[in-house]
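Reviewing the structure listed below.
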Amino acid sequence: MVDRVFLHIGLPKTATSYLQTIIWSQREVLRERGLVVPGTERRDHLWASRAVRGDLRDDAPAQHRTAWPRLCAELADARGTGLVSHEFFAAASSDQARAVVAALPTAEVHVVVTAREPLGLFAASWQESLKNGATTPMADYARTESPRSSAIWNWRTLDLRLVLERWGEAVPPERTHVIVLDPEAAREDVWHRFGSVVGLDTDGVDVSRSFPNSSMGVAEAETLRRLNGALDGFGSAFDRGVWIRTFLADERLVPRRGDRFWPDPDQVQECRERGAAAIAHLASRPYDVVGDVAHLQVPLDLEPRRLTSSVTEAEVAEVAVGLAATLLGDVRSATRQARQAPPPSVPEAPARRRAAVRRAARAARAARSRAGAWRRRLSPGR
């Protein structure tokens, strides 16, 4: 069994995708340096987070249902330090957090939480919910804290204090590490801080495959929200991830670089209050805090930005028309590529099939020969 296991549990929208891209693209390098990332693919950690929270469909494939036991088994057979990372672990209940730790009985379990100021987190999480097919307007978003551990896009996973309190029932604060994102620091800063927490030498680790998780403009976000309501048959996690999140939002709406926005004023105030409560909670217990807790407070003076309610029908129409034009070009390009692609190669047939092909060829040649003889016999002048 590994000596220690670090569970990186989120929060969502706190550079988690950035960190996970580095972790999985450099997995073998990390293992050589003593950090074991269990699983056969990145989604194993997603499925594990769903399994421990009871958030899998009844007909979920065995690969999904067995994800967490498989990760635990691999860690049991390994040496060094283990790392499991997915932001949906943040939604776990106290009982579920205790069960996660109990599944790693001989390892010293640590929790790692990446955190940022709540206002930017709140706005980014609403966009992420839209990228996952949601239709909730900003004005109605995350108005409550869900009691269900299957619910992700609400204060259950966005409020640092609430997450720390639930996981604190399973892991003591001395082994809970809170990495506070510095909004002014270089992007690589969070990676180096993360490495220092898990005991990894990050020097020379290739981070070039990572990418920023960019935001949509306010009109683009509103257009996607309405499109989600009109989509039919895109409910699976695969379809949401590939077609709504990546194809539609990240690759076609984000590049438009629309106007930035804030939540409604009362939501901004709630973010301020939750940020202050998180700072007070961190001060009340011996957590290992990496970074400046002041970065968890919403600034008093905010730059002017639009509200989502200010988006006009004309703006939505403009985005939709531009999107339709882009999609038409996509379809044409894909069609041209399909027409120009070489035909697929035919795999070598088994012996009996090849023999049948040879017999058919001989029969065809014989038929052509007989037909030729009859044509010559029936030709004029014969």
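Take any residue in the sequence shown, count from 1 to its spot, add 626: that is its number in this note's numbering. A virtual CB, placed ideally from N, CA and C, is assigned to each residue, including glycine. Quick caveat, the model's predicted, so the values are computed rather than measured.
Between Ala-723 and Gly-636, is the Cβ-Cβ spacing less than 8 Å? Taking the first residue of the sequence shown as position 1, residue 723 is located at position 97. Taking the first residue of the sequence shown as position 1, residue 636 is located at position 10. Cβ atoms of Ala-723 and Gly-636: not closer than 8 Å.
Distance CB(Val-663)-CB(Ile-649) smaller than 8 Å: Mapped onto the sequence shown, residue 663 falls at position 37. Mapped onto the sequence shown, residue 649 falls at position 23. Yes, the pair counts as a contact, with Cβ atoms nearer than the cut-off.
Whole-angstrom C-beta distance between Arg-898 and Val-924, which should lie under 8 Å: Position 298 of the sequence shown holds residue 924. Position 272 of the sequence shown holds residue 898. The pair is a contact, with the Cβ atoms about 4 Å apart (cut-off 8 Å).
Where does Val-983 sit, in a helix, a strand or coil, going by DSSP? Translated into positions along the sequence shown, residue 983 becomes position 357. Any reading at Val-983 must be qualified, since the residue scores a pLDDT of 49, below 50, and its modelled position is unreliable; the value itself is stated next. Three-state DSSP puts Val-983 in a helix.
For Leu-682, which residues in the same chain have their Cβ closer than 7 Å to its Cβ, ignoring the five residues on either side in sequence? In the sequence shown, counting from the first residue as 1, residue 682 sits at position 56. Arg-676, His-690 and Arg-691, listed in sequence order.
From Glu-800 to Pro-912, what distance separates their C-alpha atoms? Counting from one through the sequence shown, the residue named residue 800 turns up at place 174. Counting from one through the sequence shown, the residue named residue 912 turns up at place 286. For Glu-800 and Pro-912, the distance between alpha carbons rounds to 6 Å.
How big is the Cα-Cα spacing for Val-957 and Thr-872? The residue given as residue 957 occupies position 331 in the sequence shown. The residue given as residue 872 occupies position 246 in the sequence shown. Approximately 16 Å, taken between the alpha carbons.
Name, in chain order, the residues that DSSP records as bridge partners for Glu-711. As a working mapping, residue 711 is identified with position 85 in the sequence shown. Per the sequence shown, residue 711 should be read as Ser rather than Glu. Paired residues: His-634.
Would you kindly work out how many angstroms separate the C-alpha atoms of Ser-910 and Ala-733, rounded to a whole number? Translated into the one-based positions of the sequence shown, residue 910 becomes position 284. Translated into the one-based positions of the sequence shown, residue 733 becomes position 107. Their Cα atoms are separated by approximately 27 Å.
Gln-966 burial status per 10 Å Cβ neighbour count (16 or more: buried): Numbered from its first residue, the sequence shown carries residue 966 at position 340. Under this definition Gln-966 is an exposed residue.
Three-state secondary structure (DSSP) of Ile-649: Residue numbering aside, residue 649 sits at position 23 when the sequence shown is read from its first letter. The answer is helix: DSSP assigns Ile-649 an H, G or I state.
Below 8 Å on the Cβ atoms is my guess for Ala-718 versus Arg-679; work out the distance and round it to an integer in Å. Mapped onto the sequence shown, residue 718 falls at position 92. Mapped onto the sequence shown, residue 679 falls at position 53. The pair is a contact, with the Cβ atoms about 5 Å apart (cut-off 8 Å).
Answer with buried or exposed for Phe-837, where buried requires no fewer than 16 other C-beta atoms within 10 angstroms of its C-beta. Numbered from its first residue, the sequence shown carries residue 837 at position 211. The residue in question, Phe-837, is exposed, as its Cβ has fewer than 16 Cβ neighbours within 10 Å.
Reference Arg-630; option with closest CA among Pro-731, Leu-645, Glu-667 and Thr-640: As a first step, residue 630 is located in the sequence shown; it is residue number 4 there, counting from the start. The option with the nearest alpha carbon to Arg-630 is Pro-731.
Among Glu-939, Leu-949 and His-736, whose alpha-carbon lies nearest the alpha-carbon of Glu-795? Sequence index remark: in the sequence shown, residue 795 carries index 169 (1-based). Per the Cα distances, His-736.
With contact counted as at least three CB pairs below 8 Å, one residue from each stretch, are the region 825-837 and the region 932-950 in contact? no
Do you know whose CA, among Arg-787, His-803 and Arg-931, lies nearest Phe-820's CA? On the sequence shown, residue 820 is found 194 positions in, with the first residue counted as 1. When each option's Cα is compared against that of Phe-820, the closest is His-803.
Count the other CB atoms, across all protein chains shown, that sit within 10 Å of the CB of Gly-953; report buried if there are 16 or more and exposed otherwise. As a first step, residue 953 is located in the sequence shown; it is residue number 327 there, counting from the start. This sequence places Leu at residue 953; Gly is not what is there. Leu-953 should be labelled exposed.
Using a Cβ-Cβ cutoff of less than 6 Å, which residues in the same chain neighbour Leu-672 once the five nearest sequence positions on both sides are dropped? Here residue 672 refers to the residue found at position 46 when the sequence shown is read from its first residue. Contacts found: His-712.
Could you check if Thr-934 is buried or exposed, using at least 16 other CB atoms within 10 Å of its CB as the buried criterion? The residue you call residue 934 lines up with position 308 of the sequence shown. It counts as buried.
Three CB pairs or more closer than 8 Å across the region 838-858 and the region 769-785: no
For Ala-702, which residues of its own chain have a beta-carbon under 7 Å away from its beta-carbon, when the five flanking residues on both sides are left out? Taking the sequence shown and counting its residues from 1, the one referred to as residue 702 is at position 76. If we look at Ala-702 and ignore the five residues flanking it on each side, its Cβ neighbours are Met-627.
So the alpha helix (DSSP H) Ala-702 belongs to, where does it begin and stop? For the purposes of this step, residue 702 is taken as the residue at position 76 of the sequence shown. Residues 693-702.
Have a look at the DSSP bridge pairing and note the partners of Trp-888. As a working mapping, residue 888 is identified with position 262 in the sequence shown. DSSP output for Trp-888 lists Leu-933 as bridge partner(s).
Provide the residue span of the alpha helix (DSSP H) that contains Ala-847, from first to last. For the purposes of this step, residue 847 is taken as the residue at position 221 of the sequence shown. Taken as a continuous stretch (DSSP letters only), the alpha helix (DSSP H) holding Ala-847 covers 844-856.
For the region 746-810, which segments carrying the beta strand (DSSP E) assignment without a break, of at least 3 residues, lie completely within its bounds, in sequence order? 802-806
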